[in-house]
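A.B. asks: Count the sequence shown with our numbering and you get residues 14 to 525, in order. Note that the Cβ used here is the ideal one computed from N, Cα and C, for glycine as well. Below is a structure I'd like to ask you about.
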Amino acid sequence: MKLLVLLSLFGLGLAQHDPNIKHNRTSIVHLFEWRWADIAAECERFLGPNGFGGVQISPPNEHIVLDSPWRPWWQRYQPIGYNLCSRSGNESELRDMITRCNNVGVNIYADAVINHMCRTGSGEGNHSSCGSWFSAPKKDFPSVPFTQSDFNDDKCTTASVKIENYSDANQVRDCRLVGLFDLALEKEYVRDKVADYMNKLIDMGVAGFRVDACKHMWPGDLSAVYGRLHSLNTDWFPVGSRPFIVQEVIDLGVEPITSSEYLQLGRVTEFKYGAKLGAIFRKWNGEKLVYSKNWGEGWGFMPNGNALVFVDNHDNQRGHGAGGAAIATFWDSRIYKMAVGYMLAHPYGVTRVMSSFRWNRHVVDRKDQNDWQGPPSHDDGSTKSVPINADHTCGDGWVCEHRWRQITNMVIFRNVVNGQPHSNWWDNQGNQVAFGRGNRGFIVFNNDDWELDVTLNTGMPGGTYCDVISGQKEGSGCTAKQIHVDGDGRAHFKISNSDEDPFVAIHADSML
Ligand code: QV4
Ligand code: CA
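This is how it looks when you write it as structure tokens:
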């Protein structure tokens with residue numbers, strides 16, 4: 014019996030590492046700050062048809078509404094309660110979106126902000142996204158309810174009650190992150206309230222969560238909360254499916270708190286990944302593409318089955334969180350497409366593609382003065398809808414990186430090669446590399462300042478393939494470059510360093 018219990022617990026743990034993705038899809042897109050109605054439409058018109066496995070949505074719970082600065086994106090990381098209305102929409106719009114996305118095989122993962130509420134200086138009143146009254150000075154949040162005794166202050170040992178030193182694991186967990194009231198998650202009452210919130214989303218059909226600020230919560234408390242979570246809604250998921258858990262833990266190897274403390278609870282964000290990949294493609298700190306031959310655990314990243322990887326995220330694309338200036342973002346689109354292409358071609362981790370909005374970036378002394386700016390909005394502070402242009406791009410300040418041909422096609426590439434091993438590596442000892450995925454895909458990068466001109470073993474069946482970076486297969490032809498693979502799998506590649514995108518990718522489904 015003991016063994017059975019052990020197996021079921023172990024199985025439980027492992028299950029929370031599984032994204033519950035369907036139809037052999039493999040990637041998640043973070044539609045940052047999108048409205049629910051727009052996400053529903055995007056699932057049906059684009060994400061389902063193009064093989065995206067799921068969407069990470071912004072926090073759906075009630076949040077503070079700030080006037081200064083005006084409606085910053087990060088007001089949604091200051092909860093007022095767990096009612097399901099936010100600047101992305103209300104509960105019925107959320108329910109409708111989850112249903113419509115699930116119905117086309119696109120999972121929804123909610124951003125769960127459960128470590129804290131708003132900050133001391135938030136005053137009192139009903140400046141909240143559902144209009145619920147609260148009092149920050151009294152730590153009174155009637156819509157949950159949470160009151161003074163549901164917060165950690167008595168456990169925090171710093172004079173400011175805020176986190177002052179990240180090398181002290183106790184204060185990182187028990188004190189206020191940037192002054193935000195820290196919830197006492199060791200209390201059964203608080204665990205129940207948080208789990209009730211997450212279970213309501215599970216029952217509506219979400220497939221899992223991105224859990225915010227996990228470094229600031231004790232693993233034992235998180236385990237207690239996850240243990241309270243329902244299995245997924247059987248309208249869309251097999252009986253007993255466990256919610257996918259992605260824990261945001263920024264671990265660049267310099268603090269006592271490490272990702273490893275959280276690995277058994279669910280997947281963890283691997284922030285080393287984007288920081289290193291950005292440096293490699295920027296050719297900073299002596300990094301070269303050839304060094305990525307052992308990309309993955311070989312670079313000290315966490316074990317593959319535990320990792321959630323990304324090139325940039327909503328924080329570090331604007332200088333928050335971790336990764337620094339090396340992080341590649343849509344602002345540096347040529348490098349960005351190569352980095353995202355590399356991530357999607359490589360077998361390591363579950364991949365998350367960022368989809369951003371543009372803001373008035375204004376860097377002074379390496380600090381972006383406008384890093385707070387919220388999504389494209391109307392004068393009343395409400396978020397604008399996402400217009401789709403005739404060329405399939407997005408308008409009104411929505412960047413829609415996930416709709417860039419090179420990125421969409423590499424999301425499809427990852428699906429086509431799913432399960433195939435990393436193979437047929439080649440490099441020029443510099444920044445020209447190539448690798449395959451078994452006999453189902455092959456990719457070649459030229460990030461040197463001169464032409465790549467080489468014949469390589471692709472491992473793929475002979476035939477003519479459309480390059481899915483410069484174009485794609487449409488009908489019986491290619492819209493751009495073609496690659497001819499001969500009978501023994503060899504093909505000639507010629508990539509100018511001045512090409513718009515100096516990389517080429519082919520896969521089994523791009524064969525004529
Ligand atoms: C300011 C001062 C503080 C002071 C406080 C006093 O900076 O020193 O103690 O006032 O009230 C906003 C402001 C920030 C302000 C804070 C509280 O930017 O200046 O503090 O509000 O008023 C997002 C933003 C933060 C934002 C926060 C809350 O990034 O700038 O703070 O939302 O609105 C660590 C964590 C990691 C975290 C990362 C950013 O380990 O978990 O920092 N990442 C997640 C989210 C991130 C979010 C939070 C955590 C908090 O990805 O988006 O922070 O929920 O590395
Ligand atoms: Ca905490």
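Which same chain residues, not among the five before or five after D522, have their C-beta less than 8 Å away from its C-beta?
C.D. replies: Position 509 of the sequence shown, counting from 1, holds the residue named residue 522. Same-chain partners within the cutoff: I425, V429 and K486.
A.B. asks: Please confirm whether E261 and A237 have their CB atoms less than 9 Å apart.
C.D. replies: Taking the sequence shown and counting its residues from 1, the one referred to as residue 261 is at position 248. Taking the sequence shown and counting its residues from 1, the one referred to as residue 237 is at position 224. No, these two residues do not count as a Cβ contact at 9 Å.
A.B. asks: Keeping to the same chain, check which residues put their C-beta closer than 6 Å to that of E268; ignore five residues upstream and five downstream.
C.D. replies: Along the sequence shown, one-based indexing puts residue 268 at 255. For E268, where only same-chain residues beyond five positions count, the Cβ hits under 6 Å are Y179.
A.B. asks: Where does H415 sit, in a helix, a strand or coil, going by DSSP?
C.D. replies: Within the sequence shown, numbered from 1, the residue matching residue 415 stands at position 402. H415 falls in the helix class under three-state DSSP.
A.B. asks: What's the gap between the Cα of T468 and the Cα of A504?
C.D. replies: Indexing the sequence shown from 1 puts residue 468 at position 455. Indexing the sequence shown from 1 puts residue 504 at position 491. Taking the straight line joining both Cα atoms gives about 5 Å.
A.B. asks: Does the stretch 52-65 come close enough to the stretch 27-42 to have 3 or more Cβ pairs within less than 8 Å?
C.D. replies: Output reads yes: the stretch 27-42 touches the stretch 52-65.
A.B. asks: Helix, strand or coil for L20 per DSSP?
C.D. replies: As a position in the sequence shown, residue 20 is number 7, starting the count at 1. Its pLDDT being 47, under 50, L20 is placed unreliably in this model, and the coordinates cannot settle the point.
A.B. asks: Which runs of the beta strand (DSSP E) spanning at least 3 residues fall entirely within the stretch 385-439, listed in chain order?
C.D. replies: Listed in chain order, there is nothing to give.
A.B. asks: Leaving out five residues before and five after N319 in sequence, what residues of the same chain have Cβ atoms less than 7 Å from its Cβ?
C.D. replies: As a first step, residue 319 must be located in the sequence shown, where it is residue number 306. Closer than 7 Å at the Cβ level, and outside the excluded window around N319, lie H30, L276, R280 and V281.
A.B. asks: Which stretch, first to last residue, makes up the alpha helix (DSSP H) that contains Y275?
C.D. replies: The residue you call residue 275 lines up with position 262 of the sequence shown. No alpha helix (DSSP H) contains Y275, which DSSP labels as neither H nor E.
A.B. asks: In terms of residues, what are the limits of the alpha helix (DSSP H) holding K507?
C.D. replies: Against the sequence shown, residue 507 aligns to sequence position 494. Element bounds for K507: not the alpha helix (DSSP H) but the beta strand (DSSP E), R503 to I508.
A.B. asks: For M230, which residues from the same chain have a beta carbon less than 7 Å from its beta carbon, with the 5 sequence-adjacent residues on both sides left out?
C.D. replies: The residue you call residue 230 lines up with position 217 of the sequence shown. These residues qualify, in order along the chain: N128, R186 and L198.
A.B. asks: Going straight from the alpha carbon of T406 to that of I482, what length do you get?
C.D. replies: The residue you call residue 406 lines up with position 393 of the sequence shown. The residue you call residue 482 lines up with position 469 of the sequence shown. So the alpha carbons of these two residues sit roughly 16 Å apart.
A.B. asks: Tell me the residue span of the alpha helix (DSSP H) that contains G354.
C.D. replies: Here residue 354 is taken as the residue at index 341 of the sequence shown, counted from 1. Where G354 is concerned, the enclosing alpha helix (DSSP H) stretches over S346 to A358.
A.B. asks: Suppose you measure from the CA of L20 to the CA of L278; what does that come to, to the nearest Å?
C.D. replies: Locating residue 20 in the sequence shown gives position 7, where the first residue counts as 1. Locating residue 278 in the sequence shown gives position 265, where the first residue counts as 1. In this prediction, L20 scores a pLDDT of 47, lower than 50, which makes its location untrustworthy; the coordinate-derived value is nonetheless stated afterwards. The straight-line gap from Cα to Cα measures roughly 15 Å.
A.B. asks: Looking only at its own chain, which residues have a Cβ that is under 8 Å from the Cβ of D205, when we skip the five neighbours before and after it?
C.D. replies: In the sequence shown, residue 205 corresponds to position 192, counting from 1. Taken in chain order, the residues that qualify are R241.
A.B. asks: With L265 and F294 assumed to form a contact (beta carbons below 8 Å), what rounded beta-carbon distance in angstroms separates them?
C.D. replies: In the sequence shown, the residue the question calls residue 265 occupies position 252. In the sequence shown, the residue the question calls residue 294 occupies position 281. About 18 Å separates the two Cβ atoms, so there is no contact after all.
A.B. asks: Just to confirm, are G410 and W372 a CB contact at a threshold of 9 Å?
C.D. replies: The residue given as residue 410 occupies position 397 in the sequence shown. The residue given as residue 372 occupies position 359 in the sequence shown. A contact, by the Cβ cut-off of 9 Å.
A.B. asks: Which value, in whole angstroms, describes the spacing of the CA atoms of G233 and T170?
C.D. replies: Here residue 233 refers to the residue found at position 220 when the sequence shown is read from its first residue. Here residue 170 refers to the residue found at position 157 when the sequence shown is read from its first residue. Near 20 Å, if we compare the C-alpha coordinates of T170 and G233.
A.B. asks: In angstroms with no decimal places, state the Cα-to-Cα distance between F506 and T342.
C.D. replies: Working through the sequence shown from its first residue, we reach residue 506 at position 493. Working through the sequence shown from its first residue, we reach residue 342 at position 329. Cα-Cα distance, rounded: 27 Å.
A.B. asks: Consider the C-beta atom of N128 and the heavy atoms of ligand 2; say whether any pair is separated by less than 8 Å.
C.D. replies: Here residue 128 refers to the residue found at position 115 when the sequence shown is read from its first residue. Yes.
A.B. asks: Short of 7 Å in beta carbon distance, which residues of its chain neighbour T112, apart from the five on each side in sequence? Order them along the chain.
C.D. replies: On the sequence shown, position 99 is the one that residue 112 refers to. Correct list, in chain order: G218.
A.B. asks: Quick one: grab the DSSP three-state call for Y286.
C.D. replies: Mapped onto the sequence shown, residue 286 falls at position 273. Reduced to three states, the DSSP call for Y286 is helix.
A.B. asks: Measuring from the CB of N165, is there a heavy atom of ligand 2 at a distance below 8 Å?
C.D. replies: Taking the first residue of the sequence shown as position 1, residue 165 is located at position 152. N165: yes, Cβ under 8 Å from ligand 2.
A.B. asks: Return yes when at least one heavy atom of ligand 2 lies under 8 Å from the C-beta of L196, else no.
C.D. replies: Looking up residue 196 in the sequence shown gives position 183. L196 Cβ: within cutoff of ligand 2.
A.B. asks: Roughly how many angstroms separate the alpha carbons of S40 and A338, rounded to a whole number?
C.D. replies: For the purposes of this step, residue 40 is identified with residue 27 of the sequence shown, where counting begins at 1. For the purposes of this step, residue 338 is identified with residue 325 of the sequence shown, where counting begins at 1. Rounded to the nearest angstrom, the two C-alpha atoms are 25 Å apart.
A.B. asks: What residue ranges within the stretch 107-141 form continuous beta strand (DSSP E) runs of no fewer than 3 residues, ordered along the chain?
C.D. replies: Counting only runs of 3 or more, we get 120-125 and 129-132.
A.B. asks: Exposed or buried, what is Q69 when buried is set at 16 or more other beta-carbons lying within 10 Å of its beta-carbon?
C.D. replies: Numbered from its first residue, the sequence shown carries residue 69 at position 56. That one is buried.
A.B. asks: What is the C-beta distance between A358 and M315, in whole angstroms, given that I count them as a contact (C-beta under 8 Å)?
C.D. replies: Along the sequence shown, one-based indexing puts residue 358 at 345. Along the sequence shown, one-based indexing puts residue 315 at 302. The pair is not a contact, with the Cβ atoms about 20 Å apart (cut-off 8 Å).
A.B. asks: Are the beta-carbon atoms belonging to V363 and L321 less than 9 Å from one another?
C.D. replies: Position 350 of the sequence shown holds residue 363. Position 308 of the sequence shown holds residue 321. For V363 and L321, yes; Cβs fall inside 9 Å.
A.B. asks: Would DSSP call Y361 helix, strand or coil?
C.D. replies: By one-based count along the sequence shown, residue 361 stands at place 348. DSSP places Y361 in coil when its eight states are reduced to three.
A.B. asks: Does ligand 2 have a heavy atom nearer than 8 Å to the CB of R186?
C.D. replies: As a position in the sequence shown, residue 186 is number 173, starting the count at 1. Within the cutoff, so yes.
A.B. asks: Check I519 in the structure and name its three-state DSSP category.
C.D. replies: Working through the sequence shown from its first residue, we reach residue 519 at position 506. If DSSP states are grouped into helix, strand and coil, I519 belongs with the strands.
A.B. asks: Just checking my contact of V412 with S368 at CB under 8 Å: how many whole Å lie between their CB atoms?
C.D. replies: If you number the sequence shown from 1, residue 412 lands on position 399. If you number the sequence shown from 1, residue 368 lands on position 355. Between S368 and V412 the Cβ distance is about 7 Å, and since that is below 8 Å, they are a contact.
A.B. asks: Taking all protein chains shown into account, do 16 or more other C-beta atoms lie within 10 angstroms of the C-beta of G253, making it buried, or fewer, making it exposed?
C.D. replies: As a position in the sequence shown, residue 253 is number 240, starting the count at 1. With fewer than 16 other Cβ atoms within 10 Å, it is exposed.
A.B. asks: I'd like the span of the alpha helix (DSSP H) that includes V207, first residue to last.
C.D. replies: Numbered from 1 along the sequence shown, position 194 holds the residue referred to as residue 207. Looking at the DSSP string, the run of the alpha helix (DSSP H) that includes V207 is E201 to M217.
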